[in-house]
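Chemist: Have a look at the structure that comes next, please.
Okay, here's the thing in structure tokens:
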């Protein structure tokens, strides 16, 4: 089990009392993670210190302002890749099927591409497969890190860490396309409305270096059995992403 993915999932989830109670445990996981460079580990430890230092209500308000009210900071990966196009629906189906192929039953209220849910899934699969999957949305993580850096947010540390774990250089064309997207401040209500009204961006056609279907293709490949291997049935594991966010 890759505990660092589980730790990052917890840190990126809506702050609740359970997260605050787990911060010391998460700190140990981060401090001992050899897959991350020291700079990324130190930034995550500063994030943990920040979470521990603030009132829970303040943490929740900040989280909502960042990730719920700002489309450019959406924690749903496919929104940055497919926008509102029909391709996003198929990508969701493929990701959900991947979860099920690993014996996982996702009974959370979140969509399959919700980053904390995706990271929790990566924590329970084979590390080599997890690293392959995390590499595909590297450009999304890079763009989110830049946008959070612009706001001076400590949450930048999570996406810098994901970029380091991806072990690939983000696709330059994909990243440039995301940089060109509107990125209004959360309190600029008029700009936020305009951003949600914009038509989804297309990053190129099939076969191009900036093909937005790259992650979808890898998801399909990941759940396909190897040639000559009969895929055995396995007991299903109930997989619940802890989400204490009030409705």
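Residue numbers (the working numbering): 45 to 291.
Glycine residues also receive a C-beta, built at the ideal position from the N, C-alpha and C atoms.
May I ask you to list the residues that DSSP assigns as paired with residue 120?
Modeler: Residue 120 sits at position 76 when you count from the first residue of the chain shown. According to DSSP, residue 120 bridges with 158.
Chemist: Run through DSSP, which three-state label would residue 148 get?
Modeler: The sequence position of residue 148 within the chain shown is 104, counting from 1. In the three-state DSSP reduction, residue 148 falls in the strand class (E or B).
Chemist: Are residue 92 and residue 71 closer than 7 Å when you measure CB to CB?
Modeler: Working through the chain shown from its first residue, we reach residue 92 at position 48. Working through the chain shown from its first residue, we reach residue 71 at position 27. One thing to note: residue 92 has its Cβ within 7 Å of the Cβ of residue 71.
Chemist: Just mark residue 200 as buried or exposed, buried being the case when its beta carbon has 16 or more other beta carbons within 10 Å.
Modeler: Walking along the chain shown from the start, residue 200 turns up at place 156. Buried: at least 16 other Cβ atoms inside 10 Å.
Chemist: With 16 other CB atoms within 10 Å as the buried threshold, where does residue 53 fall?
Modeler: By one-based count along the chain shown, residue 53 stands at place 9. A residue is called buried when at least 16 other Cβ atoms come within 10 angstroms of its Cβ; residue 53 meets this threshold and is buried.
Chemist: Could you name the residues of the same chain whose beta carbon sits closer than 7 Å to that of residue 103, not counting the 5 residues immediately before and after it, in chain order?
Modeler: In the chain shown, counting from the first residue as 1, residue 103 sits at position 59. Once the five neighbours on either side are set aside, the close Cβ partners of residue 103 are 59, 95.
Chemist: Assuming the contact rule is C-beta atoms closer than 8 Å, residue 186 and residue 160 should be a hit. Round their C-beta distance to whole Å, please.
Modeler: Within the chain shown, the letter at position 142 stands for residue 186. Within the chain shown, the letter at position 116 stands for residue 160. Contact doesn't hold; Cβ gap of about 18 Å is too wide.
Chemist: With 16 other CB atoms within 10 Å as the buried threshold, where does residue 172 fall?
Modeler: The residue given as residue 172 occupies position 128 in the chain shown. The C-beta of residue 172 has fewer than 16 other C-beta atoms within 10 Å across all chains shown, which makes the residue exposed.
Chemist: What residue range does the alpha helix (DSSP H) around residue 107 cover?
Modeler: The residue labelled residue 107 in the question sits at position 63 within the chain shown. Where residue 107 is concerned, the enclosing alpha helix (DSSP H) stretches over 100-107.
Chemist: To the nearest whole angstrom, what separates the beta carbons of residue 165 and residue 120, a pair I think is in contact under 8 Å?
Modeler: Sequence index remark: in the chain shown, residue 165 carries index 121 (1-based). Sequence index remark: in the chain shown, residue 120 carries index 76 (1-based). Not a contact, Cβ separation roughly 15 Å.
Chemist: Can you grab the Cα-Cα spacing for the pair residue 223 / residue 51, in whole Å?
Modeler: Taking the first residue of the chain shown as position 1, residue 223 is located at position 179. Taking the first residue of the chain shown as position 1, residue 51 is located at position 7. When rounded, the distance between both Cα atoms is 28 Å.
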